[in-house]
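Using our numbering, read the sequence shown as starting at 516 and increasing by one per residue.
We put the CB at the ideal spot given by N, CA and C, even for glycine.
Because the structure is a prediction, the values reported are computed rather than measured.
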Amino acid sequence: MWKWEKSVHEFSLKNGGVAEILFGTYSIFVVTDPDDSLTIANSCYSKPSIYDFAKEMYNRGLVTAGESTWKSHRKLLNPSFRQQVLNSLLDIFSEQAETLVSNLEAEVGKHSFDVEPYLISHFINTASQTTLGLKTDDDSVITKHYGPATKGLFEIYLDRFVKPWLHVQCLYKISYLKQKQDALMKIISDISISIIKQRKLEQKQNRALNYEHLSTSDKFKPLLDQLLELADTKDAFTDDEIAEHLNTMVTAAYDTTAKALYFILILLGSHQDVQTRIFQELHEVLGAELAQDRNLNKHDLQGLVYLEAVIKESLRLYPPAPRIARYLNVDVKLKNYVLPAGSTGVISVHSINRHPMWGADADLFRPERWLDPASLPDNPNAFASFSLGRRNCIGKTYAMMALKTTLVHLCRRYHIISLTSNLQILCHALQSPVHGHHISIELRTLCIEGVNQP
């Protein structure tokens with residue numbers, strides 16, 4: 516799929532930014548022009564039938580919801596992802612990052628290891644705590660039940676995505692995967708509904724005791740509590756809808772963010788100059804506190820300009836979601852073509868992020884490009900890693916904060932070593948390194964100059 520993605524990219528650039536792929540009489544149009552992609556994104560909000568696989572699992576969650584449901588629910592959910600609200604999650608991000616750092620100690624000094632399982636566990640725990648309010652000790656429901664079921668369910672979706680015979684509903688219904696899907700969905704649903712009912716009971720008891728809800732912007736409140744408030748004050752959601760949103764948020768947050776961090780670590784391990792510059796910036800921003808494992812605050816994150824550039828550059832080259840599909844319910848007029856209603860438009864994030872407008876070095880990892888606005892494309896749609904248009908990723912800021920915080924804790928403790936020369940890419944529903952791409956880590960030692968040697 517990676518080679519196919521690149522060949523479509525090259526073909527479309529030579530043919531007006533669009534490549535048509537025929538499946539019998541059905542057309543799929545792959546669009547690589549940033550402006551045309553925005554036109555599609557803002558003209559058509561419905562998802563094509565390929566998303567029905569995920570809709571069976573997440574129903575009215577934001578990723579799979581129908582257009583009318585998405586519009587009303589997105590408007591209600593937007594305030595929960597404001598910067599002020601997300602700042603209250605920083606302690607959780609830091610605490611979970613420290614747990615990840617501790618878990619990785621077992622790998623220090625080894626020749627190499629696969630870091631992906633650590634990252635998946637880390638972000639499932641983080642997302643479960645920030646959305647459901649669950650604690651993540653070893654005996655928690657996350658570690659033993661909710662986390663494994665969430666991971667397993669999404670893996671079923673990815674497996675079905677790449678097996679065309681399982682797209683046929685009658686065949687899928689009699690498959691082992693369908694049985695496994697139903698079992699995992701029951702685990703997730705039972706846990707989610709149980710947590711919702713328990714939290715509603717707690718809130719009712721608090722009100723009966725005249726306890727005031729703490730609603731200051733810097734007080735952590737899991738997404739569950741925010742949705743329950745909307746349900747109570749605006750009659751906005753049923754318990755089932757709340758569960759669907761929470762499960763969608765956990766799944767969307769853990770897998771894409773884990774894959775993003777996986778790529779970042781591989782790139783840092785093979786670009787030692789970039790890693791050194793990150794450590795220098797950490798020393799400049801944190802100063803003497805660099806050696807302390809204190810939680811980060813919003814001012815720390817704001818000062819880490821180069822680290823943010825590294826994250827964006829990695830997301831540009833290796834977006835976890837390499838394409839976005841929309842069902843075209845109307846004719847869509849592009850610069851050079853009119854795409855007919857009834858077909859599917861696929862926005863190639865991979866192609867947009869490496870479009871010639873990025874310059875001759877579009878395929879190179881060069882984080883410093885983000886530090887100079889003059890070196891960036893004039894077109895704001897040339898970076899599509901968080902999607903384009905109104906139906907973009909609601910969790911963009913959440914993801915950036917989680918990645919930044921985790922990287923600070925990792926980079927101030929460990930020196931990362933890897934190679935991109937043997938990097939192989941899987942590019943299906945999501946983009947990721949081929950399973951088992953290894954890195955190695957060594958403990959850092961702080962030097963007087965603020966730059967470390969492993």
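Check                                                                                                                                                       : Outcome
Looking at the secondary structure, which residues open and close the alpha helix (DSSP H) in which Pro663 lies?                                            : 662-676
Near Thr500, which residues of its chain fall below 8 angstroms by C-beta distance, leaving aside the five closest residues on each side in sequence?       : The requested residue 500 does not occur in the structure, where the chain is confined to residues 516 to 969.
Measure from the alpha carbon of Arg928 to the alpha carbon of each residue in Ser902, His952, Glu613, then state which is nearest.                         : Glu613
Using only alpha-carbon positions, find the residue among Lys529, Ile909, Cys908, Met872 that is nearest to Asn894.                                         : Met872
Could you give the distance in angstroms between the alpha-carbon of His728 and the alpha-carbon of Asn844?                                                 : For His728, the predicted structure reports a pLDDT of 49, less than 50, and the residue's modelled location is therefore unreliable. A value from the coordinates is still provided. Looking at the two C-alpha atoms, the distance is approximately 45 angstroms.
State the Cα-Cα distance for the pair Thr731 and Gln599, rounded to the nearest angstrom.                                                                   : Because the pLDDT of Thr731 is 47, which lies under 50, any placement of that residue in the model is unreliable, and the number read from its coordinates should be weighed accordingly. Their Cα atoms are separated by approximately 10 angstroms.
In chain order, what residues of the same chain lie with their CB nearer than 8 angstroms to the CB of Phe735, ignoring the 5 residues before and after it? : Ser603, Leu604, Asp606, Ile607
Helix, strand or coil for Cys908, going by three-state DSSP, please let me know.                                                                            : coil
Taking all protein chains shown into account, decide if Ile862 is buried (16 or more other Cβ within 10 angstroms of its Cβ) or exposed.                    : buried
What does a CB cutoff of less than 6 angstroms around Phe596 pick up in its chain, not counting 5 residues either side in sequence?                         : Ile909
Tell me the DSSP secondary structure of Thr645 in three-state form.                                                                                         : helix
Output the distance between the C-alpha atoms of Trp519 and Leu925, rounded to the nearest integer angstrom.                                                : 35 angstroms
For the 8 angstroms Cβ check, are there 3 or more pairs between the region 625-641 and the region 766-783?                                                  : yes
In terms of residues, what are the limits of the beta strand (DSSP E) holding Ile702?                                                                       : No beta strand (DSSP E) holds Ile702; the alpha helix (DSSP H) holding it covers 691-723.
Going straight from the alpha carbon of His524 to that of Asp548, what length do you get?                                                                   : 10 angstroms
My output table needs one value for Gln807: the three-state DSSP class, helix, strand or coil.                                                              : coil
Can you tell me the Cβ-Cβ gap for Phe880 and His953, rounded? I've got them flagged as a contact below 8 angstroms.                                         : In fact, because the Cβ distance is near 19 angstroms, the residues do not count as touching under 8 angstroms.
What does a CB cutoff of less than 8 angstroms around Tyr687 pick up in its chain, not counting 5 residues either side in sequence?                         : Arg675, Leu681, Lys693
Roughly how many whole angstroms lie between the Cα atoms of Lys848 and Ile793?                                                                             : 44 angstroms
For His626 versus Ser955, is the C-beta spacing smaller than 8 angstroms?                                                                                   : yes
Once DSSP output is grouped into helix, strand and coil, what is the label at Gln939?                                                                       : coil
If you draw a straight line from the C-alpha of Gln817 to the C-alpha of Gly874, how long is it?                                                            : 28 angstroms
Just to confirm, are Ala556 and Arg838 a CB contact at a threshold of 8 angstroms?                                                                          : no
Per DSSP, His953 is paired with what?                                                                                                                       : Asp629
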